[in-house]
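Q:
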Amino acid sequence: MVFMQYKKNMQLFIILLMLIVPFTLSAEETGILENELLAIRYDRSLYKVAVTVQKIYPSVKSEIEATFGADIDFRPTVQLIKSEKRFQDSVIKGPVVAVAISAENRIVIDNSKMKTYPFSLAVTLKHELCHLFLHNYVGDGTLPRWLNEGISQWASDGIAEIMIVENRNVLKEAILSRRLLPLSSLQRGFPQDEKLMNLAYEESKSIVEYIVKEYGREGIITILNGLRKGDSPARAVEDSLSVSVVELEDDWHDYLRTRNTWLIYVSSHIYQFLFAFTAIILVYGFIKFQIRKNHYKDDEDEFGEQDEEE
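For reference, each letter of the sequence shown is one residue, going 413 to 722 in our numbering.
Quick look at the structure:
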């Protein structure tokens, strides 16, 4: 009887141990560093990176506060993940190097990409913190995605959070071919196709830069204040800039087209065109040479046969 009770207790102990150990190991894999401004969760091998984040955060925070003239009154959590695979498996798929989870005031960074141009820890942290600031300042669900992303790029030196696809002239090509994505399609989200996603990011940055150029930084601040008090995006834009969203989009398109004609595009890529033209000439010359060589050989063979007959 005692033996049976002992056996049962041992089985229960083993089951509990099996349940507890995975959580213990998981906890051991992650370190935590925190102060009154932020908390940092990091893979154990990224302790020095976590210390760097803690050091640069106050200046990044101050820069965003200065840009928007408002305080960051929330305490974010920054999560540092060592590998791209773990980042994509646990957070998000696609060419993204970091993500802001606004509902949790949390920033997740794929540290393996932080030494890949143009990304750096400071710029990436600034970009994602800007997303969190906008969410807290304006409120949930009122900020169009194109405006959210455009402002965050503008505030972080024009850097986005995605690895750019090889074609770096995707915006210019869309302008010249008149295939820009309408802002109405970028209200809630961006396309999943990588090239179109890249275009969506580029357009978002471009229109915000256009607003700042035409209406100043105050144009952006006034739009945000309108959204903050409960205005719709359309009303906030119209009250702030004295144009409708449709008119703003048309004016922006006209501005882009005057700066991106086919003549400008060709002149800015003159060396590529010359290189391609030279390559075509060389290939054409080589083909002609081969044809002549083959004809010459055929003629020699023909004369050789005639000599043999004689």
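We put the CB at the ideal spot given by N, CA and C, even for glycine. The structure presented is a predicted model; accordingly, all values stated were derived computationally and were not measured.
Identify the residues that DSSP records as bridge partners of residue 623: which are they?
A: Position 211 of the sequence shown, counting from 1, holds the residue named residue 623. Secondary-structure assignment with DSSP links residue 623 through no beta bridge to anything.
Q: Alpha carbon to alpha carbon, how far is residue 495 from residue 546? Give it in angstroms, no decimals.
A: Looking up residue 546 in the sequence shown gives position 134. Looking up residue 495 in the sequence shown gives position 83. Cα to Cα, the separation comes out at about 28 Å.
Q: I need the boundaries of the beta strand (DSSP E) containing residue 491, first residue and last residue.
A: As a working note, residue 491 is residue 79 in the sequence shown. Counting along the chain, the beta strand (DSSP E) containing residue 491 begins and ends at 489–493.
Q: Among 570, 575 and 582, which residue has its Cα nearest to the Cα of residue 672?
A: For the purposes of this step, residue 672 is taken as residue 260 along the sequence shown, with counting starting at 1. Checking every option, the nearest Cα to that of residue 672 belongs to 582.
Q: If we count the other Cβ atoms within 10 Å of its Cβ and call it buried at 16 or more, is residue 470 buried or exposed?
A: Here residue 470 refers to the residue found at position 58 of the sequence shown. By the neighbour-count rule (16 or more Cβ atoms within 10 Å), residue 470 is not buried but exposed.
Q: Terminal residues of the continuous alpha helix (DSSP H) containing residue 446?
A: Counted from its first residue, the sequence shown places residue 446 at position 34. Not the alpha helix (DSSP H): residue 446 falls in the beta strand (DSSP E), residues 442–446.
Q: Between the beta-carbon of residue 609 and the beta-carbon of residue 574, is there less than 8 Å?
A: Taking the sequence shown and counting its residues from 1, the one referred to as residue 609 is at position 197. Taking the sequence shown and counting its residues from 1, the one referred to as residue 574 is at position 162. Taking 8 Å as the Cβ cut-off, residue 609 and residue 574 qualify as a contacting pair.
Q: Pick out whichever of 624, 703 and 644 has its Cα sitting closest to the Cα of residue 552.
A: Taking the first residue of the sequence shown as position 1, residue 552 is located at position 140. When only C-alpha atoms are compared, the closest one is 644.
Q: Who are the Cβ neighbours of residue 535 in its own chain at under 7 Å, not counting the five residues just before and after it?
A: Against the sequence shown, residue 535 aligns to sequence position 123. Result list for residue 535: 568, 569 and 571, in chain order.
Q: Candidates 657, 640, 550 and 549: which alpha carbon is nearest residue 594's?
A: Position 182 of the sequence shown, counted from the first residue, corresponds to residue 594. Among 657, 640, 550 and 549, the Cα nearest to that of residue 594 belongs to 657.
Q: Taking C-alpha atoms, which residue in 615, 631 and 500 lies nearest to residue 667?
A: Looking up residue 667 in the sequence shown gives position 255. Ranking the options by Cα distance to residue 667, first place goes to 615.
Q: Expressed to the nearest angstrom, what Euclidean distance is found between the alpha-carbon atoms of residue 703 and residue 625?
A: Counting from one through the sequence shown, the residue named residue 703 turns up at place 291. Counting from one through the sequence shown, the residue named residue 625 turns up at place 213. So the alpha carbons of these two residues sit roughly 59 Å apart.
Q: Could you name the residues that DSSP lists as bridge partners for residue 522?
A: Numbered from 1 along the sequence shown, position 110 holds the residue referred to as residue 522. Looking at the DSSP assignment, residue 522 forms a beta bridge with 493.
Q: Which of helix, strand or coil does DSSP assign to residue 605?
A: Start at 1 with the first residue of the sequence shown, and residue 605 comes out as number 193. Note: residue 605 maps to coil in three-state DSSP.
Q: Can you tell me whether residue 552 is helix, strand or coil according to DSSP?
A: Residue numbering aside, residue 552 sits at position 140 when the sequence shown is read from its first letter. Of the three classes helix, strand and coil, the one that applies to residue 552 here is coil, per DSSP.
Q: Taking 8 Å as the cut-off, decide whether the C-beta atoms of residue 475 and residue 538 are in contact.
A: Stepping through the sequence shown from its first residue, residue 475 is reached at position 63. Stepping through the sequence shown from its first residue, residue 538 is reached at position 126. Yes; because the gap between Cβ atoms is below 8 Å, this pair is in contact.
Q: Should residue 555 be labelled buried (16 or more other beta-carbon atoms within 10 Å of its own) or exposed?
A: Taking the first residue of the sequence shown as position 1, residue 555 is located at position 143. That one is buried.
Q: Assess, as a yes-or-no matter, whether the region 515–534 is touched by the region 584–602 under the definition of 3 or more beta carbon pairs within less than 8 Å.
A: Verdict: no, contact absent.
Q: Going by C-alpha distance, which of 480, 477, 490 and 449 is nearest residue 459?
A: Against the sequence shown, residue 459 aligns to sequence position 47. Ranking 480, 477, 490 and 449 by Cα distance to residue 459 puts 490 first.
Q: Thinking C-alpha only, which one of 628, 548, 585 and 598 is nearest residue 387?
A: Residue 387 is absent from the structure shown; the chain starts at 413 and stops at 722.
Q: What residues in its chain sit with their C-beta under 7 Å from that of residue 627, if we drop five residues either side in the sequence?
A: The residue given as residue 627 occupies position 215 in the sequence shown. Excluding sequence neighbours, residue 627 sits near 653.
Q: Would residue 543 and residue 512 be called neighbours here (beta carbons separated by less than 8 Å)?
A: Looking up residue 543 in the sequence shown gives position 131. Looking up residue 512 in the sequence shown gives position 100. Taking 8 Å as the Cβ cut-off, residue 543 and residue 512 qualify as a contacting pair.
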